[in-house]
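Visitor: Questions regarding the structure given below will be posed in turn.
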Amino acid sequence: MQVSSLNEVKIYSLSAGRSLPEWLSDRKKRALQKKDVDIRRRIELIQDFEMPTVSTKIKVSRDGQYIMAVGTYKPRVRCFDTYQLSQKFERCLDSEVVTFEILSDDYSKIVFLECGRFVEFHSQHGHYYKTRIPKFGRDFSYHYPSCDLYFVGASSEVYRLNLEQGRFLNSLQTEASESNVCDINPVHFLFAMGTAEGKVECWDPRTRNRVGLLDCALSSVTADTEIEGLPSISALKFDGALNMAVGTSTGQVLLYDLRSSNPLIVKDHHYGLPIKSIQFQHQLDLIISADSRIIKMWNKDTGKIFTSMEPEHEINDVCLYPNSGMLMTANEAPKMNIYYIPVLGPAPKWCSFLDNLTEELEENPESTVYDDYKFVTRKDLENLGLAHLIGSSLLRAYMHGFFMDIRLYHKAKMMANPFAYEEYRREKIRQKIEETRAQRVQLKKLPKVNKELALKLIEEEGEDQQFSKKRKQKNLPSLLKDDRFKVMFENPDFQVDEQSEEFRLLNPLVSKISEKRKRKLKILEELEAQGQEEEEEPEGKASDAESSESSDDEKGWVEEVRKQRKLLRQEEKLKRQERLKEDQQTLLKPQFFEIKEGEEFRSFKDSAKKQKLMKKTLEDRLKLEEKLGTLNVSDTTVGSKQATFKLKK
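The numbering of the sequence shown is our numbering, which starts it at 9 and goes up by one.
Here you go:
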């Protein structure tokens, strides 16, 4: 059992816990329950409360004894008896169910609206009757006083099927192009339908006339909301005689009083997903609204969040068990979730033991895993030397691999790598030794690249530390320890070239300081070679004297810059002289050119002229040929152009 808490509201997920694979036999499941304590402690409130692949809708009968759910694949309906805590029956259908309604107090009368325009009726024994509606249906409601079924869907009409007479009645003609949802008020039986244009139309079934129209799309747009398209109505639910909640496709929930055209409150889920379900909780005056990602519970008077739940899988439908704190969801997963929230109400009569259990439970969330089985791929089997077991009962094929017993996996791994424990032990010992070494006094290890720059940074860091101690300031982080500048001391491409012109002009005093650093570098290298642990300062002048020398006055700096410029000029002169000598020594070799067939060689000037001519545009070339007389262009009487030209020899 998984326990979560939000706003100090504890939510117990009764379907969470370790699950067993479906392909295990009942005998093996019982054997695992005897051996494993965790599996034995797992709470399976209703046995096999799941679907093969996906569950789409879930409802509770009016007497509270039966829970019915529809799903795929194959399309089916499952009925669970709460008094027996097990499955009552399962029936397969011809096509997927869009929605369904339990007409009786128990499971004896059920209506299914299927995606192939079929309406299927089931009685206690099973399939009873099947008919079709003219257009694809999306939702329907049952009007108890007249025994009429109202179907809405991909049409402007609302189809009425009378179950007493067994025939279709005149349909209601609406202004909407399509309708998504509908509901009938349980008190005064007002029929309401939500359209694709974001409007809610209210009809009186007695007179078959429209009595009201609400523009919910316009009301859902507030200053805070960001809407890309036109919101359509995706959920609709009545509460009592006067209240109605409307959910939009953009994630807003609007609460209306039927006497007003303006909503009392607008609640945004902030996910931009269509609202799938709306439920009312009367004990605490809460509205439970759900989209495919989250279930939110909020106060219908203030809009303040009470609590929320985010299941692992997408939600398709939410069902609140009447007069209790139990909540069930149909989702995009085989297992249907059951939540128990003690604050909402007590546990149902058929599972009253939950009240005692929840008082003793601790927060111990567990994920859904198969602890007694290991998933391995074909490559893993080849590495373990168990490829010959493929096809045997020891391996169970699943998706892109196999499930195998965890004990067999451990034995095979030990045989494949018997020294794994020894390697692990050596690694742990090595880590312990390195930890103890880190506590000793260490030498300053300089990087391989930019050693002088690293030494300069270390010296500056030491000076900054002394200065910050005096001023009681925080030390700034060093460049050597910063990961962003790590490559500068590892990659040789970032080596500083001290002989370059830019470096010498920008750092005129670097020669004096670099000599002192080179001495320090030699001493440090000697200490590293000898393996000494203490760092000695080089003999000679004290550090105070060095610092005083390093700080030179402005006059010395100008003289040093002039010297560097003179040296650079001399080096340039030497380089020029060397280039001239090389040019004099090199001998020019004769070059040969090949002439194309059909051309005569006159001079090099002609070839240069041809190259210049080829670079010119066609218009310039034609003008040049007209001047030379080789081309003549003239207009004809018809309106076209005539060109005459002379061929060159």
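Think of the CB as a built atom: it goes at the ideal place given N, C-alpha and C, for glycine as much as any other residue.
1. Name, in chain order, the residues that DSSP records as bridge partners for H135.
2. Excluding the 5 residues flanking P500 on each side, which residues of the same chain have their C-beta closer than 6 Å to its C-beta?
3. I'd like to check one pair, Q287 with L353: are the Cβ atoms closer than 7 Å?
4. Going by DSSP, name the residue or residues bridged to K387.
5. With DSSP run on the structure shown, which of helix, strand or coil describes V566?
6. Inspect the beta-carbon positions of S164 and K143 and report whether they are closer than 7 Å.
7. DSSP on Y417, reduced to helix/strand/coil?
8. Considering only their Cβ atoms, is the gap separating V78 from K65 smaller than 7 Å?
9. Please state whether DSSP places D299 in a helix, a strand or coil.
10. Check whether the region 171-182 and the region 237-253 are in contact - that is, three or more C-beta pairs closer than 8 Å.
11. Give every residue of the same chain whose Cβ lies closer than 7 Å to the Cβ of Y137, excluding the five residues on either side of it in the sequence, and list them in chain order.
12. For the beta strand (DSSP E) containing S149, name the first residue and the last one.
13. Using DSSP with H/G/I as helix, E/B as strand and the rest coil, what is F197?
14. Could you compute how far the alpha carbon of Q650 sits from the alpha carbon of T638?
15. Mind reading off the beta-carbon distance from L221 to E209? Whole number of angstroms is fine, and I expect it under 8 Å.
16. Between the region 259-273 and the region 312-324, do three or more beta carbon pairs fall short of 8 Å?
17. Here's a check: name, in chain order, each residue in its chain whose Cβ is nearer than 7 Å to the Cβ of S300, leaving out the five neighbours to either side.
18. Since Q289 sits in a beta bridge, which residues does DSSP pair it with?
19. Is it right to say F600 is buried, meaning 16 or more other beta carbons lie within 10 angstroms of its own, or is it exposed?
20. Mark M252 as exposed unless 16 or more other C-beta atoms lie within 10 angstroms of its C-beta, in which case mark it buried.
21. Compare the Cα-Cα distances from I414 to each of K387, G393, K382 and report the closest residue.
22. Please state if the CB of D147 and the CB of V189 are separated by a distance shorter than 7 Å.
23. Does the region 385-399 come into contact with the region 359-368, if we say contact requires no fewer than three beta-carbon pairs (one atom in each stretch) closer than 8 Å?
24. Tell whether a beta-carbon distance below 7 Å holds between V351 and V11.
25. Could you tell me the distance, in whole angstroms, from the CA atom of E568 to the CA atom of E469?
26. So what does F176 bridge to, in DSSP terms?
27. Using three-state DSSP, classify R35 as helix, strand or coil.
28. Below 6 Å CB to CB, which residues in the same chain sit around S642 once its five sequence neighbours on both sides are set aside?
29. In whole angstroms, what separates the C-alpha of E554 from that of V566?
30. Use the C-beta contact count for L621: other C-beta atoms within 10 angstroms, 16 or more gives buried, fewer gives exposed.
31. Out of curiosity, what's the CA-to-CA distance linking D89 and S360?
32. Compute the Euclidean distance between the alpha carbons of C327 and G174, then round it to the nearest angstrom.
33. Considering only the alpha carbon of each residue, which of K623, K67, R38, K624 lies closest to A338?
34. Distance check for F126 and E104, CA to CA, integer angstroms please.
35. Report back the beta-carbon spacing between Y347 and I19 to the nearest angstrom; my notes put them in contact at under 8 Å.
Guide: Working from what's here:
1. H130
2. V457
3. Here residue 353 is Gly; the residue named in the question, Leu, does not match the sequence. Going by C-beta atoms, G353 is not nearer than 7 Å to Q287.
4. Residue pairing for K387: DSSP places it in no beta bridge.
5. helix
6. no
7. helix
8. yes
9. strand
10. no
11. F129
12. Per DSSP, S149 belongs to the beta strand (DSSP E) from 145-151.
13. coil
14. 14 Å
15. Rounded, the Cβ-Cβ distance is 6 Å, consistent with contact.
16. no
17. So the list reads L281, K284, E322, I323, once near-sequence residues are dropped.
18. L294
19. F600 sits exposed, since fewer than 16 C-beta atoms from the chains shown fall within 10 Å of its C-beta.
20. buried
21. K382
22. Taking 7 Å as the cut-off, the beta carbon of V189 is found closer than this to the beta carbon of D147.
23. Inter-segment contact for the region 385-399 and the region 359-368 is absent: fewer than three beta-carbon pairs are separated by less than 8 Å.
24. Contact: no.
25. 27 Å
26. L169
27. helix
28. Q650
29. Only weak support is given to the placement of E554: the predicted model assigns it a pLDDT of 45, under 50, and the question is left unresolved by the model.
30. exposed
31. 16 Å
32. 31 Å
33. K67
34. 10 Å
35. 6 Å
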